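So the structure is just underneath, and the comments pick up after that.
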Amino acid sequence: MSKKNNLLVAASGTGGHIFPALAVSKKVEDEWNIHWLGIQQRLDAHLIPQKYNLKTLNLKTPRKNIFLFYQYIKILMSTFQIIRILKEKKINLVFTTGGYISAPTIVASKLLKIPIIIHESNVVPGMVTKYFGFLCNYVLLGFKETNSYLKNCKTIFTGTPLREQFYKFNFLPEWVPKGNGPLLIVMGGSQGAKAINQILYESLEFLIKKQFRIVHIVGESNLKPFHVKNSKNYIQKKFTNEIAALFQNCDLVISRSGAGTINELMEAEKPSILIPYPYSKNNHQEKNAMILAASGGSVLINQNNMSKEVFEETLERIFKIKSKKGKKHYEILDLMKKNMENNNKIKSKNEIKKYIDYFLKEF
């Protein structure tokens, strides 16, 4: 049996960075020894399998204050730590998914002449891809539209890889509220979204009166309002690993518009109301959301224009019942479903594996 080569995966922070990297790692682990580089006190320790040899750096997310310059200096200084790791683990190839851990990893790899692949999930590329992408052997794109932002990079459209559960059918978990009312999945990404949680709390009485069933993923620090604690049609969870099952079996998703969520909605062919995070860098969440809104599969609501009235009116419009040949149906929801079915899907894990395996011939 031939000796495996060593792949360093640098991905940390939010699920949007970690889940695509996990999907790729699982796809290539038979041919490569996986070593994972993350950041202390983030999601990494809970999500990365032990077999991927997680190493963490003590870095913090850069904040806009008087110390911002020094924070970036500290991130770049971590290049020397990463050089030691690359040498110690005899890394042959680096795969990263952006975020601030990627910048020093790319620089360290370039100094050691180790090939680098970066995957960019968002329509508008992040700062690392924008400013360091030209140092990488390949920049893999989640959306074709991203190519226009990266003229100096070697770009290839691969789509964004998803968790394995999205590529097979999953039954609805037993804990989901039972009944005949439409099922809403309300979520704000792996870190929660206070604005979405708040608008849902304000509209819960309306939703329960209309017999909606609601699964609410609140994130880490949002408590259940007292007046709906015992409602049989409402359940709240901080986090769940059964997102694929929820997406596949619900009627509508209400969410932020991170790149991972957009691709999961496309795979599940599920209509949505998208409320982009208004402070995302380069307004990338709104650009992501516009992909589905333009296809007719999603309604985009700007957070600054969102109110209880707007939220409830949007839901009433989507779930307005029409009669056709004696049968009742949700005309707008059905049209949104059909539009989601027309979105092109790409087997991105296979595409990315192809480019990772290309480097096997070089060693």
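Okay, so the sequence shown: first residue is 1 according to full-length UniProt numbering, each after it adds one. Note that the Cβ used here is the ideal one computed from N, Cα and C, for glycine as well. Since the model is a prediction, treat every value here as computed from it, not as a measurement.
Within the DSSP secondary-structure output, Trp32 pairs in a beta bridge with Asn5.
For Gln236, the uninterrupted beta strand (DSSP E) segment begins and ends at 234-237. Rounded to whole angstroms, Lys113 and Ile83 show a C-alpha spacing of 11 Å. In this chain, Ser12 is not harboured by any beta strand (DSSP E), its DSSP state being neither H nor E. The Cβ atoms of Met336 and Pro276 do not sit closer than 8 Å to each other. Considering only Phe95, Asn122, Ser203, Ala244, the residue with the shortest C-alpha distance to Ser148 is Asn122. Residue environment for Met266: buried (at least 16 other C-beta atoms within 10 angstroms of its C-beta).
The Cβ atoms of Asn53 and Gln40 lie no closer than 8 Å to each other.
For Ser323, the number of other beta carbons within 10 angstroms of its own is below 16, and it is reported as exposed. Between the segment 169-184 and the segment 246-266 there are three or more C-beta pairs closer than 8 Å, enough to call the two in contact. Unbroken alpha helix (DSSP H) runs of no fewer than 4 residues, entirely contained in the segment 243-277, are found at 243-249, 259-268, following chain order. Exposure of Leu111 is indicated by the presence of fewer than 16 other C-beta atoms within 10 angstroms of its C-beta. Taken atom to atom, the span from the alpha-carbon of Ala23 to that of Ser231 is near 37 Å. Counting C-beta pairs closer than 8 Å gives three or more between the segment 150-163 and the segment 121-140, which meets the contact rule. Contact between the segment 256-266 and the segment 4-23 is established, with three or more Cβ pairs separated by less than 8 Å.
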